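Here's the structure, in C-alpha cells; my notes come after.
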Amino acid sequence: MWLLHARTRQLKHFVDDWRMSTSYAILSHTWGKNEVSFDDFHQDDAKTRDGYRKIEYTCAQALKDGIEYVWVDTCCIDKRSSADLSEAINSMYRWYYNAQVCYAYLEDVWTPPESRRSLWFTRGWTLQELIAPETVRFFEVPKQHLVPGIARGTCAC
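According to the working numbering, the residues represented by the sequence shown are -17 to 139, in order.
Laid out in C-alpha cells, this is it:
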C-alpha cells in the first residue's frame, strides 16, 4: 500500500495487513479531467493539473487533523504493477475501513444545501467509501468547506 506523506508529499510503500499501525486519511471522489497518477506525481506539471488541488486539500486537512499520511487512489496505486493494481482492487474496502477519516470530495457542488445532488452520490463504488470508514467528512474544494461528518453506524436517513 502506497501512502502519501501529507507534509513532504513523498510516496512511501507500507506492508498492508489488517494490523496496519500507520494511521492515514483517505480521499473519496469522482474522477475528473487531469487527475494526477502515480507515474505523474513527481512530474513538473503535476501541480498544475485540476486533480492536484484535491490532493493538496486532502494533505492540508489531514495535517490539521493530526494525520501524517493520506491515501488518494489516483496517485497511490502504481498501475504499471499488476500486483499493486490487484492488491488495490482486492483491498479497497479494507483500506477505507481502516482509514482514520475519509474526506469525500463533492466536486460539483458549491454550497452545503446542494450536497445531496452531487454526482458522488450516484456512483456505485462510492457506497463502500461511505459505509466502510469510521468517519466521512464531505468537502467542496472551491471554498474548502467541510460539511459535518457521518460516523460509521449512524445514518440521517
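For every residue, glycine included, the Cβ atom is placed at its ideal position computed from N, Cα and C.
Here the structure is a predicted model, which is why all the values come from computation and not from measurement.
- Between the C-alpha atoms of residue 52 and residue 64, what's the straight-line distance to the nearest angstrom? Taking the sequence shown and counting its residues from 1, the one referred to as residue 52 is at position 70. Taking the sequence shown and counting its residues from 1, the one referred to as residue 64 is at position 82. The C-alpha of residue 52 lies about 22 Å from the C-alpha of residue 64.
- Query: Would residue 9 be called buried (16 or more neighbouring beta carbons within 10 Å of its own) or exposed?
  - Reply: Locating residue 9 in the sequence shown gives position 27, counting from the first residue. It is buried - the Cβ of residue 9 has at least 16 other Cβ atoms within 10 Å.
- Closest Cα partner of residue 84 within the set 112, 71 and 66: Here residue 84 is taken as the residue at index 102 of the sequence shown, counted from 1. The alpha carbon of residue 84 has as its nearest neighbour, out of 112, 71 and 66, the alpha carbon of 112.
- Query: Excluding sequence positions up to five away, which residues of its chain have a Cβ less than 6 Å from the Cβ of residue 75?
  - Reply: For the purposes of this step, residue 75 is taken as the residue at position 93 of the sequence shown. Only 110 and 114 meet the Cβ criterion.
- Return the chain-ordered ranges of every beta strand (DSSP E) run that is complete within the region 2 to 44 and spans a minimum of 3 residues. 6 to 10
- Item | CA-to-CA distance, residue 119 to residue 78, given in whole angstroms | Position 96 of the sequence shown, counted from the start, is the residue given in the question as residue 78. Position 137 of the sequence shown, counted from the start, is the residue given in the question as residue 119. The C-alpha of residue 78 lies about 13 Å from the C-alpha of residue 119.
- If you draw a straight line from the C-alpha of residue -16 to the C-alpha of residue -9, how long is it? Start at 1 with the first residue of the sequence shown, and residue -16 comes out as number 2. Start at 1 with the first residue of the sequence shown, and residue -9 comes out as number 9. About 12 Å.
- Between the Cα of residue 17 and those of 61, -14, 68 and 32, spot the shortest distance and give me the residue it belongs to. By one-based count along the sequence shown, residue 17 stands at place 35. Ranking the options by Cα distance to residue 17, first place goes to 32.
- DSSP state of residue 88, grouped into three classes? On the sequence shown, residue 88 is found 106 positions in, with the first residue counted as 1. Reduced to three states, the DSSP call for residue 88 is coil.
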